[in-house]
Structure formats: C-alpha cells, structure tokens
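Numbering (our numbering), first residue to last: 640 to 1572.
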C-alpha cells in the first residue's frame, strides 16, 4: 500500500502559527485515506475482475487509491467536526497521562496544600463552635453569666463567619482561580450536625428514661431529619450553582468530600477522649483545650496529608489527579474509550466521501464504452442529500465559495442565486465547518430570517443564540469538571427564602418543648439546667436567627457578575464560557429582585424589639443601541479568546442568516437590511456575517457606482452568486454516486433536472430503477413527468379565475396530447387551443397556455434528442458550447418561471442547432416554419 510521504499544501496549510509546524493529526488522518480506499475497493472486487485484465488490476487499484488520496485535500474538510472531537479527545488523554512535576506546579491547582489546610481549618471551626459553646455552659456560673456567655458565642460566631469567608475566598483562588462566595456558611453546614450529635450524646439517656425508648427514638429521628434538612438547605445556599452563581464560584465537590472525610475522621478519633470512654489523667479544662487544639490541627493538616503520594497506596486512592491511582486509572480508561469512539466516528464520517471518490475514479479507470443501454445498477448511494454533501460542495459553486471565504477575515457577505440551486446546503456546510481548511473549526451560528420580526427582539435572539454557541464551543474544549445548575432552581429558591424562619421556629419549639417537659417532671437530671436556662437560650436563639436573616447576603442584579468581565479579555476558554453564561442570563431574564426582612424578639420581662427593612432592584430594558454595543463587545471578546486556539480558522466567529431570499417583496427585504444594518456593519475583525439574499439584491449590488443606490449596495462587502449545475458538475455528482452509469444517461439526467442539485438526484434515482435502452428510459421518465404536470395543471385551473370554456379547451388539449411521443407533443405545441392575441381578460390564460405548451415542446425535444438515433456524434455535439450544448437545453427549465417565451425561443434555438424542426410560440403571426439545415 502506497502512503504519501507528505500531504498536499491544501491539507497542510492550516490556520496555525508558522512556528508550530504542520498539523500532525491531519497528516496522520491523510495517511489513512489509502487504507479506507482499499476497504471500499474490496466491495467492488467483482466489478474489477469483470472489467480489467488480471495483470492490470493491481495497477488500476494503485491508480485509484492515489487519485483518491489526492482528492483528500478537498473532501477531508467534510470531517472537520469529527477531527475537532478527535483532537480534543487526544489532548485530554495526553494531559491526563502527563506525569505532574511538583517543581513546575503553578496556581491555580486543585491539589494546593495551603488551600486544603485553610479549608480544613474552616471545617474544624465549624465543629468547634458548638463544642466550645457546650463546654462553656458546663462551667459553673450564674444565670446572667450563661446568658452573656451565649451572647458572646453568637457574636464570636458572626466574626468567625466573616473570617472563614475570607479564608475560603483565598482557597478558591488557589484551587481554581475563582472567587468562591458564601464561604462563611460552612460554619453552619458543620455546626448543625455537630450540635445534633452533642445533643444526642448528652440528652439521650434522660430522654430514654423520661419518654421511653420508642418515643425517644421517634423524637430523635424527627430531630435528625430536621437537622439534615437544615444542613442541606444551608449547603445548597453555600455551594450549589444558580443562574447568578456559576459553578466556578463554588468549591469543587471532590475538595468538599475530601475535607468532610478528614473532619469526620478526626472527630471520630477524638470522640472517645471527649466523652470519657478513654479517661485522661488531667483536669477537665486541660482535656477540653487539648482536644480543641487537636481538632483544629487535625482538620487543618489532614487535607494536605491526604494529598501526599506516600500516605495511601495507589490501589486505594480515589484521587483522580494522583498519577497511577485507582481513580486515575479509571479516568484513563474512560478517556481512552472516548478517544477510540472519536476515532471510529471520524472513520465513519470519512467513509462516505472516500466511497464517492472511489466510485468517481473507478468510473474513470474502467472507461465504459459509449452505450445507449442502461445496465442493472445499485441505487443505494442515491439517498437523500444532506448538509455538506458533495452534490453541492464539490461543484464549481462550492469550490468558488470556499476560495472566497478563505481569503477574507470578516465583513458582510451575501449569497444570491435561484431557488433550489443549493444555497441553504452551502450555508449549512459552512456552518458545520466543511468548507474550512482541513482540521479547522470556528464558532458558527445558523439562523433563518423570520418573515415577521421585531428588529430588537431578533437581535436579542441572535445575541442569546451566539452566547449558547460560544458555551457549546468552550464546553468541548475547556477542561472543566463543572456540573450543570440544578434542575429545579425555582423550588430551591423558595426553600432558601424559608430556611431562616424554619430554623428559628424549629429551634424555638424544640427548646420550648424541652423546657416545658423539664418543668412538668422535675425528677430528671437535665431539669436543673433547662429550668434555669431554657428561656434565656430561646431568646438568644431568636435574636440570633433574626440577626442571621438580616445579615444574609441579598440577591443582586444578575448583571453584576458579567460586568466584572466586560473590561478585559478572557484568558481562557473556561473564562469565556463563564462570560457567555452571564450574558445569556442577562438576555433571557428580565429580572426584578426584592430582598427584605422583618422580625420581632421579646423577653419574658416585657422587653421586645421590632425592625423591618426592604430593598428592590429592577433591571430596565436595554435600548437597541445598547444591545448592539453589548453584542459587539461580546463578539470582540470571543474572537480575541478563540483566536488563540491553533485550529481555529479565520474568520473565527460567523453568523449565517438564511431564508432572507424567501421574503418575496423587495421592499420588505430592504427594510430588513436597513433595520439590521447595525449588525451588517459590525466592524469586528474576525467576525463574518453570511446572508442568503435574493437575485434582486444581487442586481442592486452589481449596479453599484451608478446614481441609484439602495440598502444592499451599502450593506454588503461582496455578494456571491450560486449558479445552476453545469454538465461537468452533474457528471461529478453522479459518477461519485453511481458506478457504471453510461455518459448518455448522465446527460439525460442533467437535461431533465434543470441544473438543480436535488432534482438531479431525484431524476437519477428514477432512472436507475429499471434497465433498458436510452429511448425506453427517456420515455419512462417523460411519461412520469407528464403525469405530474397534468395534475399540477388541474390544481392551477381549480384555483385560478379563468374563462371556463377556454380553459376547458386547454386542459382537454393537454390531456389528448400528453403522451411520450415526440410527434404528438410537437403537434400540441404547434396548435394552441386558445387562439388569437391576449386581451386583458385572457392574459393570464394565454400565459398559462404558453407555459404549458412550452413544456410539452421541451419534453418533445428531450424525446427526439435522446431517442433511437442518439450516437457518439450526438454526445460530442451536446458537450460543446453554444446553442448545441446540453446546458442550453437544461436552461429551459430554469427560464420557464422567469419568461416562458424566452424559454420557448431557447428550445427553438437548440433545435435549430441540432437541425430539428421548430415551432412558433402561440399567438404570433403566421410565418414560414424554420427547419434546421
């Protein structure tokens, strides 16, 4: 098997800096093309054996593979999407396999030991605060002393919340390079379960004795559920992403799990000494201080120690960042499977263009002799045309468009052409990256222009869709372990608003129940403490709850996070994704935030305090100029960031607007262009706006420089025209899909398709349905066409306001002559049933007659040309330029919607060039018939 030593310049020339050298992945994939071609040739082994001598088969196979390899410079770009996924899969695997170098480690780093030590200290303080509170309550003092001690603990708790929030912010920057918010809430996340554990330890025996074991278990289980619910609510507020709080501003779940595990292990190890299971020969206060210090030291040092490569064996380590650990191996296997899947996806995507190229060159190598007999052919490759199919992208128009877009770095480009020539297919192919250089990618958005629109809403819609496209682009390339926001943010938002009130009520009722129970039955041990302390503690808890609600962070405008990034360019795709997420939230939500609190605290001595406060923030709708400016800034940020990626082509960001040519009224289309001119004239290097426009727009653009100017002239930098398929394009399409199709049948398909790509595939699908002679196949196709046109004529007559007598004569005339016989079709065209010149009342009917009889004239010509007398000389005559060309006969179908008389005269010109009898258009004065030659 021959493998090229180097790839062609078209493949190697990728949009990468010159100092990076050629694209190794593209070179590798290019070298695999001969192998794929060999796999396709195996399927055509029988055809090679029948058509080529045994001594020449290997030479023919080598020749075909070499030609397919040369074609790879053109069709390999059809797999750009799969190449991009394969490239990213290989990058992820290579980054995972790269052994970390401690000396080269730079921040941010998810394994930073200082950050883990700080977080461990925060978690330790969360356990320590309720523990110290309980220890201080054991010290003998008066009732007022206990009250003021409780107040001091609450005040110290708020100070510690502020302090720990600063520690968490610094840890977040060292771990992920982001500012983590709501760090002070971790004291509550750890404090609630710790308080429950202390209460269960101290009160279980007395509750068991006072309520019985069954009731005691029920009560403590209910309290456990309440404690879990409060803990979960607080954790959701502290470390769950929302629309205004992305995952990047939360601690990574793996870090949280590690520190929680360390905290639990340290607490379990110290519990026997704290509870007296292991007695210590020291005073109680010395034991408490020692255990408190050990708790803080253990939680602070446990995290960094757990990151040590020598602490746990590799087979037991769940650290995915630890090279060679069990989790690392699992992630390695997962990445390898993703790479294999991406490689298989590329092979599957490349198989279709390789097979088309093999078919095309196999047809050329076999060189079938001239034949007017259609053999048995398989038509499995004549399926429905899809976006980016070579039926359009490999034609002259596709190659010209690819060359045009490769030579510009931005601006506004229009694409014009008749309906059905493949404009939408070309736009979809460009959006999918199939017209870029091989291996290239870009951020492209394809949208259809609505017939009815509001310019501001349409611009906002494009803005939002571009943000979503940027998020998708970054998601596949920026390494991140971020989880998507919760699926039920509205429900959690309601719980967030209720949790302070619920926590205060639960605490108040729980302590009130305990105090009342102790007063009612004073024989239990805990009655002494609760009898003297229950009302001060309840009052302190109430005041603390109200203070917590007052100090709770109020929601701000969703624009605030995004505003942090508007002044500077993002340094990575992860930052760009964050910016796009914020911008999308700004666009999609018209926000109104109301925050407030109100509370009342009272003491049994008759003193009470009431306070209330509220704040409301409403976003005002942005004006259209503000939207355009924000859109432009976002495009500039996006291009600056994505252009750093080596495989990104230029222009890096593209918005494609399709269906503008479907707006029939020229004034409406010009109004649309005028209103979105701010988008069309966005002066952002690297940004391209590609729009499909009507032929009227092309005509206006080509009249630039004349006194008459309009919106199209001044809005577009260039307007590209997509032409109908020529005979060479049709041959390229069909030989790449059908093996062994004789040249006369290719010409027949081209003439009946009218230069339309989809119509060419449809006609070819009908043609290969049955074998036979050229004359027989032509009659079969014409009969089917006549049947469809008769049905269409009846539909037009039913919906139109025509003279019933005259239109009935026309329909009967068509029915009598609509058979696949050239003589009858020409006789029908030469004897129109509606005689005389058109009048204002019959103008529409005469136009319908001209179109209908002209089509019969055209089909009769097809039957005569591709009839029994078709010879090699006929084939050569149709390949020439001018009126004898098959392209001239093909253009007739293109002219009927434009000018039916011009189409009739074109048929006559073709017939004259082929020395066939001509027919005058209906309604013209009698004059001698013209006979060719």
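Ideal Cβ placement from N, Cα and C applies to all residues, glycine included. As the structure is a computational prediction, the values presented were derived from the model and not from experiment.
In three-state DSSP terms, what is residue i?
{"i": "residue 1557", "result": "coil"}
{"i": "residue 1082", "result": "strand"}
{"i": "residue 1204", "result": "Note that residue 1204 has pLDDT 44, beneath the 50 cutoff, so the model's placement of it is unreliable and the number below is only indicative. Looking at residue 1204 - three-state DSSP - the assignment turns out to be coil, as it is neither helix nor strand."}
{"i": "residue 1291", "result": "strand"}
{"i": "residue 1359", "result": "strand"}
{"i": "residue 1165", "result": "Note that residue 1165 has pLDDT 49, beneath the 50 cutoff, so the model's placement of it is unreliable and no number is given."}
{"i": "residue 781", "result": "coil"}
{"i": "residue 1012", "result": "strand"}
{"i": "residue 1269", "result": "helix"}
{"i": "residue 1173", "result": "Only weak support exists for where residue 1173 lies, its pLDDT of 49 falling under 50; the coordinates are left without a value."}
{"i": "residue 695", "result": "helix"}
{"i": "residue 1087", "result": "strand"}
{"i": "residue 1237", "result": "Confidence at residue 1237 is low in this model, with a pLDDT of 49, below 50, so its placement is unreliable and the value that follows should be read with caution. Three-state result, residue 1237: strand."}
{"i": "residue 1049", "result": "coil"}
{"i": "residue 1484", "result": "helix"}
{"i": "residue 1405", "result": "helix"}
{"i": "residue 1535", "result": "coil"}
{"i": "residue 1196", "result": "With a pLDDT of 40 at residue 1196, under the threshold of 50, the modelled position of this residue cannot be trusted; read the value that follows with caution. Of the three classes helix, strand and coil, the one that applies to residue 1196 here is coil, per DSSP."}
{"i": "residue 1546", "result": "helix"}
{"i": "residue 920", "result": "coil"}
{"i": "residue 1068", "result": "helix"}
{"i": "residue 962", "result": "coil"}
{"i": "residue 1505", "result": "coil"}
{"i": "residue 1284", "result": "coil"}
{"i": "residue 1424", "result": "helix"}
{"i": "residue 790", "result": "helix"}
{"i": "residue 1395", "result": "coil"}
{"i": "residue 705", "result": "helix"}
{"i": "residue 1477", "result": "coil"}
{"i": "residue 1275", "result": "helix"}
{"i": "residue 1440", "result": "coil"}
{"i": "residue 663", "result": "helix"}
Could you pull the start and end residues of the beta strand (DSSP E) that residue i belongs to?
{"i": "residue 1327", "result": "1326 to 1331"}
Since residue i and residue j are thought to touch, with beta carbons under 8 Å apart, how far apart are those beta carbons, to the nearest angstrom?
{"i": "residue 763", "j": "residue 934", "result": "6 Å"}
{"i": "residue 894", "j": "residue 946", "result": "Not a contact, Cβ separation roughly 10 Å."}
{"i": "residue 1468", "j": "residue 1558", "result": "5 Å"}
{"i": "residue 1292", "j": "residue 1081", "result": "7 Å"}
{"i": "residue 1280", "j": "residue 1327", "result": "In fact, because the Cβ distance is near 17 Å, the residues do not count as touching under 8 Å."}
{"i": "residue 668", "j": "residue 871", "result": "That belief does not hold up - the Cβ atoms of residue 668 and residue 871 are roughly 50 Å apart, past 8 Å."}
{"i": "residue 1391", "j": "residue 1525", "result": "Rounded, the Cβ-Cβ distance is 11 Å, inconsistent with contact."}
{"i": "residue 765", "j": "residue 830", "result": "5 Å"}
Which residue marks the beginning of the alpha helix (DSSP H) containing residue i, and which one marks its end?
{"i": "residue 1467", "result": "1461 to 1469"}
{"i": "residue 769", "result": "752 to 776"}
{"i": "residue 969", "result": "965 to 1005"}
{"i": "residue 1100", "result": "1094 to 1114"}
{"i": "residue 1218", "result": "1212 to 1227"}
{"i": "residue 942", "result": "923 to 945"}
{"i": "residue 1374", "result": "1366 to 1374"}
{"i": "residue 719", "result": "719 to 736"}
{"i": "residue 1590", "result": "Outside the modelled stretch of the chain, which goes from 640 to 1572, sits residue 1590, for which no answer is possible."}
{"i": "residue 1077", "result": "It is not in any alpha helix (DSSP H) - residue 1077 carries neither H nor E in the DSSP assignment."}
{"i": "residue 821", "result": "From DSSP, residue 821 is part of no alpha helix (DSSP H); its letter is neither H nor E."}
{"i": "residue 678", "result": "672 to 682"}
{"i": "residue 1381", "result": "Careful: residue 1381 lies outside any alpha helix (DSSP H) and carries neither H nor E."}
{"i": "residue 1449", "result": "1443 to 1456"}
Considering only DSSP beta bridges, list what residue i is partnered with.
{"i": "residue 1055", "result": "1360"}
{"i": "residue 1573", "result": "It is not possible to answer for residue 1573, since the shown part of the chain is limited to 640 through 1572."}
{"i": "residue 1297", "result": "1087"}
So is the beta-carbon of residue i under 7 Å away from any non-hydrogen atom of the ligand MG?
{"i": "residue 1460", "result": "Looking at this structure, you won't find the ligand MG or any other ligand, since it has none at all."}
Could you give the uninterrupted runs of the alpha helix (DSSP H) lying entirely in the region 838 to 912, keeping only those of 4 residues or more? 852 to 878
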